[in-house]
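First residue of the sequence shown? That's 1 in full-length UniProt numbering, and the numbers climb one at a time after it.
All C-beta atoms, glycine included, are put in the ideal place defined by N, C-alpha and C.
Keep in mind the model is a prediction, meaning the values are calculated, not measured.
Have a look at the structure below, then the notes.
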Amino acid sequence: MTMTARRSSDPLAHGVQTAQLWLRTVAIHLGTEDEQFAYRVLRAWLHRVRDRLGIDVAAHFSAQLPLVLRGLFFEGWVPHQVPVRYDPGRFTAALAQEALIPEPRARTAAAQVTAAFEELTSTDQIDHLVAQLPAGLRDVLRPVPPPRGSTEGEPPDRPAGEAAGGGSAEARLAAVERELRVLADALRALVDGLEERPSDEPRPPAVAQVARRMHQILLSRDTGS
């Protein structure tokens, strides 16, 4: 029997592939390509949500999971100790501790994993799951988005990558500012090269016009207008 034949007859291959697909979907919702990070968050989410559910609800939800994730869901489960009654703060702290991420990121990640499960199962399934939880935890797993045009609160944290455990809004803002400074420096250098000087040869009117326009852009940036 060839290696290819052995792989194709592996009874667990489909289950592993399905679990990998689910993990990649979670990673996409978390905004990361780091599947180790996504796995830690997914595992922590499953355990923390499981421990807040009663036995019947936990069993019902687990039936929707791929075989591999079902085993992960019940890893370390102690049926006679559930449901564990913790508030949103304790839930977030426990998720952060298991996933090895900061607590503010854990709160954002909890909602992102919930959204991934809605895509992977169905909204009705997640509706049923979340309805079993107290209002405070429902708000963590499914935060209500602010009304359009609202200026209250911060926009949701949607980082582009999580190799170091998530980026704060301040870090992303600093990165944008650095990019703007680089762009401004590049424009300034271009303007300096295009500016008319007494020793320069005459330039076509269009080139001079471009130089003046770039100079105006830089002045506008420097004055904050």
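query                                                                                                                                                                 : result
If you drop the 5 nearest sequence neighbours on each side, which residues of the same chain put their C-beta closer than 6 angstroms to that of L129?                : F61
Return helix, strand or coil for R142, following the three-state DSSP convention.                                                                                     : coil
Could you round the C-beta distance between V16 and R52 to whole angstroms and report it? I think they count as a contact, below 8 angstroms.                         : Actually they are not in contact, since the Cβ atoms of V16 and R52 sit about 28 angstroms apart, beyond 8 angstroms.
Output yes or no for whether 8 angstroms exceeds the beta carbon distance between L30 and A109.                                                                       : yes
Residues in the same chain with beta-carbon distance under 7 angstroms from L95, minus the five sequence neighbours each way, listed in chain order, please.          : A44, W45, R48, A106, A110
At what residues does the alpha helix (DSSP H) containing Y86 begin and finish?                                                                                       : Here Y86 belongs to no alpha helix (DSSP H), and DSSP marks it neither H nor E.
From what residue to what residue does the alpha helix (DSSP H) around P79 run?                                                                                       : Counting along the chain, P79 falls outside any alpha helix (DSSP H), and DSSP gives it neither H nor E.
Are the beta-carbon atoms belonging to V41 and I126 less than 8 angstroms from one another?                                                                           : no
In whole angstroms, what separates the C-alpha of F37 from that of A99?                                                                                               : 8 angstroms
Give me the Cα-Cα distance between Y86 and L21, rounded to the nearest whole angstrom.                                                                                : 31 angstroms
Leaving out the 5 sequence neighbours to the left and right, which residues in its chain are closer than 6 angstroms to T121 when beta-carbon positions are compared? : Q64
In angstroms, rounded to a whole number, what distance separates the CA positions of P134 and D34?                                                                    : 32 angstroms
Rounded to whole angstroms, what's the CA-CA distance from Q132 to P66? Just pull it up for me.                                                                       : 22 angstroms
Who are the Cβ neighbours of A116 in its own chain at under 6 angstroms, not counting the five residues just before and after it?                                     : T25, V26, H29
Just confirm the distance between the C-beta atoms of A19 and L69, as a whole number of angstroms; I'd bet it's less than 8 angstroms.                                : 5 angstroms
From which residue to which residue does the alpha helix (DSSP H) around I28 run?                                                                                     : 13-30
Mapping the DSSP letters down to three states, classify P134 as helix, strand or coil.                                                                                : coil
Among E103, L72, P88, H80, which one has its Cα closest to the Cα of R56?                                                                                             : As written in the sequence, residue 56 is Asp, which differs from the Arg given in the question. Nearest C-alpha to D56: H80.
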